[in-house]
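Q: In the working numbering, the protein residues as written are 3 to 802.
Think of the CB as a built atom: it goes at the ideal place given N, C-alpha and C, for glycine as much as any other residue.
My questions all concern the structure below.
This is the structure we're talking about:
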């Protein structure tokens, strides 16, 4: 594991960043660190931190600082070890201890975790304090101890050794190194974190991420951190030379890592594509983080502190008392979003399955266990509000992880698939009961993770009873139905009981298709014949249906609800086949909406889809139009048509406007610092690519669509999927001018001399020029590029 931190040689410009951004309007770009003079003249240190294991419980750490500036510069290096504070809140009174055991070694003792040693080669001194909050600084009340968590920082900055514990004990400690580094030169320090009492204290880390939280002990991962990243750390007895074989171990582990990633990458990938893929996958591993949030305790407050306000008991997350978060989770971005989000997590698991299918499966199992999923079936969204509604993509992710592992190993994990399937039955029922208010298979959805894409806040309710019939939430449910149908068919191959459940989801899918075409039997659908596009429809208490004619990816999402099934699978399930034949005979009006059972496609496949033939071509015509959705770097979230033709709607005497905004949001509404009104986002692009591949599995090479629209060039649906994949990949690929498009919003952040093979994986990308926006380490769902590179490389279509 390796990371780089760029550290300024001058005072960090906190005040300038705050004041400059406060003075800017939403129409101006963010004022970033590289817009200041802080990094001018390359006056910074590049700090590279690398971890390697001698054994699973013996961790080697190397930190190297390079002076990138033009003159010598001083650096204080403070590798730090600390215990997570479990003793200050009134529930746990036992307190661990760190102490100086030798001039270059700190010993750590914990009642559950046992004993550890942190060896710091040639350390000049150790600074000790307590990992307790500075009450005086934060709340102007006396501290419980004269030594608090920021004492080490203050002692170094103010050159005041009296601020740290002279007895060399505490719960937080740092080795203090002082260097003056010549221009262009580097220094390195070596650390070793090792366990000394193997077999005597502390449980071994659990291997399953889906076990009960009661009594669990993911030991070092939970409570002891070293350096800059969280790690478990067993080891060996104290030796006279703790660094024996150190460099050889590092070299061996680096070679093993190179071999591992080379074994994953297709043979025909060029070095640039391999590097992009490897850094995306590495980002996924760095974005693992221990997450601790027990809602019952949070609502009650800490016994050692004043009780929380009564409003907490009826406020945010108060209905989620079952939630017991105490796991290592895959985060969207540990720098900017240090909490899991369930629909983000589903996308993380696809590239994760390439390198660690066990962890990917464990993540999906975890979020549907009874201490996460609500008893009513709702899967928690994220800590901001567990009750928010996110797209139901966990079943899709489970099916894809199952397929990826089966392809890698020759055998899929049916127990995992069955486990997820049972919990998805609860989730599906929650959607039907809670988000289909009229029982008509049209879903209102709510937030749905697309933030500000709508005309108004789609998670809000109207006081007069007006409600929104949503194209995307209904499409998500169509996709959800097909995901569960396909999983049920797979499970039915070994257990015929699942045939009946497969039939249930087939019937539900037909109901959704019928409802999309005929809202409440009124002859009105979500499809607009004039514009040949899907729109949300506003339904007023007076019975009026008003289509909200915003051309956004919401209208493209019916494409996501598609599945092809090989006929031999149907033949193998007589009960399911009999029910299908009944529908073909007795409800041809429904079956004709979604299926082509009488018309076998490529390789005898049958098609189930919300959009077929004419409507699919209409959607693709808009989606592949450069003047609408198709950018050089993927599919935009809102059509560029709205740049010149904003959509306007008056709601309760207030005008609502949707424009095409390709970069950061220019409004502060219900999205905060993200924007779904024009930029390119990876998750929806990825699903659209998979849907095109599914359609191609049925239609084959004879079915072609103009791409780009107006170009006169016609491509198969699989070729279009390849084209979109390559447009997304080239966000990081150097173009003919030597530019990497993702950097266009970060001009000045990268040093051309040293950063030519360093990449950021942003939250979203400018819909016009591909510049990276939002969180800059969103690996995260932007790590999906690793899977795109993988499949494009395997099929020999990357860059073509």
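Go through the stretch 603-678 residue by residue and report every complete run of the beta strand (DSSP E) that reaches 3 residues or more, in order.
A: Listed in chain order, the complete beta strand (DSSP E) runs (minimum 3 residues) inside the stretch 603-678 are 607-611, 649-653, 656-660.
Q: Find the nearest neighbour of residue 612 within the set 591, 480, 540, 727, judged by alpha-carbon distance.
A: Locating residue 612 in the chain shown gives position 610, where the first residue counts as 1. Nearest of 591, 480, 540, 727 to residue 612, Cα basis: 480.
Q: For residue 118, which three-state DSSP category applies?
A: As a first step, residue 118 is located in the chain shown; it is residue number 116 there, counting from the start. Three-state DSSP puts residue 118 in a strand.
Q: Tell me the DSSP secondary structure of residue 472 in three-state form.
A: Here residue 472 refers to the residue found at position 470 of the chain shown. Residue state, collapsed to three classes: coil.
Q: How about residue 128 and residue 102: do their beta carbons lie closer than 9 Å?
A: Here residue 128 refers to the residue found at position 126 of the chain shown. Here residue 102 refers to the residue found at position 100 of the chain shown. In this structure, residue 102 lies closer than 9 Å to residue 128 by Cβ.
Q: Would residue 477 be called buried (16 or more neighbouring beta carbons within 10 Å of its own) or exposed?
A: Position 475 of the chain shown, counting from 1, holds the residue named residue 477. The residue is buried, with at least 16 neighbouring Cβ atoms inside 10 Å.
Q: Around the C-beta of residue 27, are 16 or more other C-beta atoms found within 10 angstroms, so that it is buried, or is it exposed?
A: Locating residue 27 in the chain shown gives position 25, where the first residue counts as 1. Under this definition residue 27 is an exposed residue.
Q: Output the distance between the C-alpha atoms of residue 554 and residue 121, rounded to the nearest integer angstrom.
A: Stepping through the chain shown from its first residue, residue 554 is reached at position 552. Stepping through the chain shown from its first residue, residue 121 is reached at position 119. Approximately 56 Å between the Cα atoms of the pair.
Q: What is the DSSP secondary structure of residue 10, counted as helix, strand or coil?
A: Taking the chain shown and counting its residues from 1, the one referred to as residue 10 is at position 8. Strand, per DSSP.
Q: Report buried or exposed for residue 456, applying the criterion of at least 16 other Cβ atoms within 10 angstroms of its Cβ.
A: Position 454 of the chain shown holds residue 456. The residue in question, residue 456, is buried, as its Cβ has 16 or more Cβ neighbours within 10 Å.
Q: Do you know offhand how far residue 118's Cα is from residue 83's?
A: Here residue 118 refers to the residue found at position 116 when the chain shown is read from its first residue. Here residue 83 refers to the residue found at position 81 when the chain shown is read from its first residue. So the alpha carbons of these two residues sit roughly 11 Å apart.
Q: Report yes if the C-beta distance between residue 5 and residue 73 is below 9 Å; otherwise report no.
A: Reading the chain shown from its first residue, position 3 is the one you call residue 5. Reading the chain shown from its first residue, position 71 is the one you call residue 73. Not closer than 9 Å, so no.
Q: Just mark residue 760 as buried or exposed, buried being the case when its beta carbon has 16 or more other beta carbons within 10 Å.
A: Taking the chain shown and counting its residues from 1, one reaches residue 760 at position 758. By the neighbour-count rule (16 or more Cβ atoms within 10 Å), residue 760 is not buried but exposed.
Q: May I ask you to report which of helix, strand or coil DSSP gives residue 733?
A: Locating residue 733 in the chain shown gives position 731, counting from the first residue. Three-state result, residue 733: coil.
Q: Are residue 693 and residue 794 touching if we call contact CB-CB under 9 Å?
A: Numbered from its first residue, the chain shown carries residue 693 at position 691. Numbered from its first residue, the chain shown carries residue 794 at position 792. No. Outside cutoff.
Q: Note down the Cα distance separating residue 11 from residue 76, rounded to an integer number of angstroms.
A: The count along the chain shown starts at 1 and reaches residue 11 at position 9. The count along the chain shown starts at 1 and reaches residue 76 at position 74. The straight-line gap from Cα to Cα measures roughly 8 Å.
Q: In three-state DSSP terms, what is residue 415?
A: For the purposes of this step, residue 415 is identified with residue 413 of the chain shown, where counting begins at 1. If DSSP states are grouped into helix, strand and coil, residue 415 belongs with coil.
Q: Specify the secondary structure class of residue 130 as computed by DSSP and reduced to three states.
A: One-based indexing of the chain shown puts residue 130 at position 128. Here residue 130 sits in strand by DSSP.
Q: Would you call residue 503 buried or exposed, if buried means 16 or more other Cβ atoms sit within 10 Å of its Cβ?
A: Start at 1 with the first residue of the chain shown, and residue 503 comes out as number 501. Answer is buried; the Cβ neighbour count reaches 16.
Q: Can we say the stretch 141-161 touches the stretch 108-117, given the rule of at least three CB pairs closer than 8 Å?
A: The stretch 141-161 vs the stretch 108-117: no contact.
Q: In the DSSP assignment, what are the bridge partners of residue 61?
A: Taking the first residue of the chain shown as position 1, residue 61 is located at position 59. Bridge partners of residue 61: 55, 195.
Q: Starting from residue 322, follow its DSSP beta bridges and name the residues at the other end.
A: Translated into positions along the chain shown, residue 322 becomes position 320. BP columns for residue 322 are empty, so no partner.
Q: Please state whether the Cβ-Cβ distance between residue 189 and residue 67 is less than 9 Å.
A: Taking the chain shown and counting its residues from 1, the one referred to as residue 189 is at position 187. Taking the chain shown and counting its residues from 1, the one referred to as residue 67 is at position 65. Yes, the Cβ-Cβ distance between residue 189 and residue 67 is below 9 Å.
Q: Against chain C, with Cβ distances strictly below 9 Å, would residue 349 count as a contact?
A: Reference to chain C is not applicable here, since this structure consists of a single protein chain.
Q: Where residue 499 and residue 577 are concerned, what is the direct C-alpha to C-alpha distance, given to the nearest angstrom?
A: On the chain shown, residue 499 is found 497 positions in, with the first residue counted as 1. On the chain shown, residue 577 is found 575 positions in, with the first residue counted as 1. Taking the straight line joining both Cα atoms gives about 10 Å.
Q: Considering only residues of the same chain and omitting the five flanking positions on each side of residue 732, which have a CB-CB separation below 6 Å?
A: Working through the chain shown from its first residue, we reach residue 732 at position 730. No residues qualify anywhere along the chain.
Q: Just checking my contact of residue 3 with residue 287 at CB under 8 Å: how many whole Å lie between their CB atoms?
A: Position 1 of the chain shown, counted from the start, is the residue given in the question as residue 3. Position 285 of the chain shown, counted from the start, is the residue given in the question as residue 287. Indeed they touch by this definition, with Cβ atoms about 7 Å apart.
Q: Residue 140: buried (16+ other C-beta within 10 angstroms of its C-beta) or exposed?
A: Here residue 140 refers to the residue found at position 138 of the chain shown. Under this definition residue 140 is an exposed residue.
Q: Which same chain residues end up closer than 8 Å to residue 369 when comparing Cβ atoms and leaving out the 5 residues on each side of it in sequence?
A: In the chain shown, residue 369 corresponds to position 367, counting from 1. Taken in chain order, the residues that qualify are 342, 344, 347, 375, 381, 382, 396.
Q: I'd like the list of long-range same chain contacts for residue 714, defined as Cβ closer than 8 Å, with 5 residues on each side in sequence excluded.
A: Taking the first residue of the chain shown as 1, we reach residue 714 at position 712. Cβ within range, chain order: 708.
Q: When you compare each of 308, 323, 371 to residue 329 by their alpha carbons, which one comes out closest?
A: Numbered from its first residue, the chain shown carries residue 329 at position 327. Nearest of 308, 323, 371 to residue 329, Cα basis: 371.
Q: Ignoring anything shorter than 3 residues, give me the beta strand (DSSP E) runs that lie fully in the stretch 233-300, in order along the chain.
A: Listed in chain order, the complete beta strand (DSSP E) runs (minimum 3 residues) inside the stretch 233-300 are 290-296.
Q: Can you give me the C-alpha to C-alpha distance between residue 548 and residue 610, rounded to a whole angstrom?
A: Here residue 548 refers to the residue found at position 546 when the chain shown is read from its first residue. Here residue 610 refers to the residue found at position 608 when the chain shown is read from its first residue. Those two C-alpha atoms are separated by around 29 Å.
Q: Below 7 Å CB to CB, which residues in the same chain sit around residue 706 once its five sequence neighbours on both sides are set aside?
A: On the chain shown, position 704 is the one that residue 706 refers to. Closer than 7 Å at the Cβ level, and outside the excluded window around residue 706, lie 716, 717, 718.
Q: State the start and end residues of the unbroken beta strand (DSSP E) segment that holds residue 163.
A: Here residue 163 corresponds to residue number 161 of the chain shown, with the count starting at 1. That residue, residue 163, is in no beta strand (DSSP E); it is neither H nor E in DSSP.
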